[in-house]
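Take a look at the structure set out below.
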Amino acid sequence: MTIIPPRFKECYAPLVADPEAFFASLLTPAPKAFRVNTLKTTTEHVKKRFALYGIGIHTVPWSPDVCIADNPSIGSTLEHALGHIYLQELTSMIPPLLVAPELAHAQFVLDACAAPGSKTTQLAALMQNRGTIVANDIDSNRVRALQFNLEKSGVCNTVVTHQDLRTVTGYAFDAIILDVPCSLEGTIRKDPIVLSHWSEQTIAQHAHLQKQLIVHAFDLLAENGTLVYSTCTFAPEENEAVVSELLTRRPAHLVPIALPGLVMRPGVTSWNGKTFDQRVAETRRIFPHDNNTGGFFVAQVKK
Amino acid sequence: MILLPSKKDERSFIAYLEERFDVGHDIFHAYRIYAGPKGYLCIGPRIITESLRYRFLGVPIARMGKTIKPIQSFFTIFGNHVQKNSIALTKDQTLMYIQGNTQHLTAEQCLTVTSGAVMLTFQDMILGGGILQGNELKSLVPKAKRLDVKYL
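Order-wise, the sequence lines are chains A and B.
Quick note, the numbering used here runs 6 ahead of the 1-based positions in the first sequence.
Quick note, the numbering used here runs 86 ahead of the 1-based positions in the second sequence.
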């Protein structure tokens, strides 16, 4: 049985309007979600096939190709084996959707922390395999998983690199997805073991790296380019504080974020006695109890 | 460093696809063919920066050797262009194929195809590729992609 540490509760109760609903949601498994891989099939086709299997699915209001299944066995379908669907946490699909309008014309896109390839394959689908995606990850083993998923999903507009993002220089990307390593608090519903590793020290370590990554990623943007920064964690130290650091150090502009049908909360402008750049209110938090998803944070920045 | 295949290899490959599968020579027009490790040909983005230190460039679609061997990704990505040497499998055959097993097809299924690389379909879905010898079909599904499918 999963128990939420008292210190965790103490930390995050002030972050939400309804702490009881928030903590209760963390103790229930998240729904089984997937994305239809439009490089290989259509949502209509998948719906027809799943109806034949007796597996009920419904699309979410904020994207026609994102589905929730009423049966956890979707990993045993032919569609999964063929790469027609990609099993992915709902909130993880948000960053590529935010830059979808830019992707229609983008030539050069960076997925900065790409493995295992959920967002890269989604970007490729949104780009219809055109343009160029650089999918980078620092972890050698995870890079293999990334390439495996690219092949399975039929993605062929991608170059996989294996570098510390902070050493990448000399490029100008039209769009960058920066889904940074984080303390994973938003994935507790999927993997409750996260709670046993949780500590404020880990959060501080992640935040230090995240601040370096976001500033460096911003420097890799082309003029008018768009950067989406995201984490699957609740800690403001890893979210608003990181974005605030970027706003202080670079001439970055935050873009208002909305996905119709998805409840998102404004970023917090102060935390634990620290006040952030007030513009971070334009960032967005997704809480599990609002949409029955994992937890997520997202900021969209323009150069 | 970005490696390109020799013009001869590229021409042979395109000619092979036209002859074997009746696909147009322009199917890769949005992409570029690169030389991968171990004789693989990869299909990747047309525009990349020369200085890029890459780990993988695009996806492998064929292996060049004494003979040309299209691999699974060619069929799953470009299979909708294939006009001939394609076989429709039954449900049971599809299961065998997905699990990587070699199997014998019916004479009727092999009537309109010749021995060599073939594309496999199930209903209106492209499954991938295989090697047909007589009526014996070897699956090209890589080990890592052989999943236990319960719903088809």
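Positions of the beta carbon are idealized from the N, C-alpha and C atoms, including for glycine.
Values in this document were obtained by computation on a predicted structure and should not be read as measured data.
Beta carbon proximity, residue i to chain A, threshold 8 Å
| i | result |
| --- | --- |
| residue 91 of chain B | no |
| residue 142 of chain B | yes |
| residue 138 of chain B | yes |
| residue 150 of chain B | no |
| residue 234 of chain B | yes |
| residue 27 of chain B | The shown model of chain B, from 87 to 238, leaves out residue 27 of chain B, and the question about it has no answer. |
| residue 75 of chain B | With chain B represented from 87 up to 238, any question about residue 75 of chain B goes unanswered, as that position is not in the structure. |
| residue 211 of chain B | yes |
| residue 134 of chain B | yes |
| residue 204 of chain B | no |
| residue 55 of chain B | A question about residue 55 of chain B goes unanswered here, because the residues of chain B that appear run from 87 up to 238. |
| residue 109 of chain B | no |
| residue 257 of chain B | Within the shown structure, residues of chain B are numbered from 87 to 238, placing residue 257 of chain B beyond reach of any answer. |
| residue 223 of chain B | no |
Short CB-CB distance (under 8 Å) between residue i and chain B
| i | result |
| --- | --- |
| residue 87 of chain A | yes |
| residue 124 of chain A | no |
| residue 293 of chain A | no |
| residue 62 of chain A | no |
| residue 84 of chain A | yes |
| residue 138 of chain A | yes |
| residue 42 of chain A | no |
| residue 92 of chain A | no |
| residue 231 of chain A | no |
| residue 149 of chain A | yes |
| residue 235 of chain A | no |
| residue 69 of chain A | no |
Anticipated Cβ contact below 8 Å, residue i with residue j, distance rounded
| i | j | result |
| --- | --- | --- |
| residue 184 of chain A | residue 118 of chain A | 5 Å |
| residue 295 of chain A | residue 28 of chain A | 5 Å |
| residue 32 of chain A | residue 194 of chain A | 5 Å |
| residue 106 of chain A | residue 180 of chain A | At roughly 13 Å, the Cβ-Cβ gap does not stay under 8 Å, so residue 106 of chain A and residue 180 of chain A are not in contact. |
| residue 142 of chain B | residue 214 of chain B | In fact, because the Cβ distance is near 20 Å, the residues do not count as touching under 8 Å. |
| residue 163 of chain A | residue 139 of chain A | 6 Å |
| residue 141 of chain A | residue 160 of chain A | With 8 Å as the limit, residue 141 of chain A and residue 160 of chain A do not qualify as a contact, their Cβ atoms being about 15 Å apart. |
Chain D contact residues for residue i, given Cβ-Cβ distances below 8 Å
| i | result |
| --- | --- |
| residue 207 of chain B | Among the chains of the structure shown, chain D does not appear; the protein chains present are A and B. |
Note down, in chain order, all residues in the segment 154-170 of chain A with a beta-carbon under 8 Å from any beta-carbon belonging to chain B. Hits within the stretch, in order: 154, 156, 157, 158, 160, 161, 162, 163, 164, 165, 166, 167, 168 and 169.
For the segment 155-168 of chain B, which residues have a CB atom closer than 7 Å to at least one CB atom of chain A, in sequence order? In summary, the residues of the segment 155-168 of chain B whose CB is separated from some CB of chain A by less than 7 Å are 159, 162 and 163, in the order they occur in the chain.
Could you tell me which uninterrupted beta strand (DSSP E) segments, each at least 3 residues in length, are contained entirely in the segment 203-263 of chain A, listed from first to last along the chain? Given a length threshold of 3 residues, each whole run of the beta strand (DSSP E) inside the segment 203-263 of chain A is given here in chain order: 227-237.
Taking a Cβ distance cut-off of 9 Å, strictly less, list which residues of the segment 103-119 of chain A are near chain B, in chain order. The segment 103-119 of chain A vs chain B, Cβ under 9 Å: 113 and 114.
Which residues, in order along the segment 166-186 of chain B, keep a beta-carbon less than 7 Å from a beta-carbon of chain A? Of all residues in the segment 166-186 of chain B, 184 have a Cβ within less than 7 Å of some Cβ in chain A.
In chain order, which alpha helix (DSSP H) runs of at least 4 residues are fully inside the segment 135-207 of chain A? Within the segment 135-207 of chain A, the complete alpha helix (DSSP H) runs of at least 4 residues are 146-159 and 200-203.
Taking 8 Å as the threshold, find out whether the segment 100-118 of chain B comes into contact with the segment 157-172 of chain B through three or more Cβ pairs. With the cut-off at 8 Å, the segment 100-118 of chain B and the segment 157-172 of chain B touch.
Three or more beta-carbon pairs under 8 Å between the segment 167-181 of chain A and the segment 219-227 of chain A, yes or no? With a cut-off of 8 Å, the segment 219-227 of chain A and the segment 167-181 of chain A count as touching, because enough Cβ pairs lie within range.
What are the start and end residues of each continuous beta strand (DSSP E) run of 3 or more residues lying completely inside the segment 87-146 of chain B, in chain order? If we require 3 residues or more, the beta strand (DSSP E) runs fully inside the segment 87-146 of chain B come out as 117-121, 126-131 and 140-143.
By the 9 Å beta-carbon criterion, what residues does the segment 117-131 of chain B contribute toward chain A? Contact residues of the segment 117-131 of chain B toward chain A are 117, 128, 129, 130 and 131 (C-beta to C-beta distance below 9 Å).
Which parts of the segment 55-90 of chain A are runs of the alpha helix (DSSP H), unbroken and 4 residues or longer, counting only runs that do not cross its ends? As far as the segment 55-90 of chain A is concerned, its whole alpha helix (DSSP H) runs of at least 4 residues are 84-87.
Please list the segments of the beta strand (DSSP E) lying wholly inside the segment 174-228 of chain B, counting only runs of 3 or more residues, in order along the chain. Unbroken beta strand (DSSP E) runs of no fewer than 3 residues, entirely contained in the segment 174-228 of chain B, are found at 202-208, 211-219 and 222-225, following chain order.
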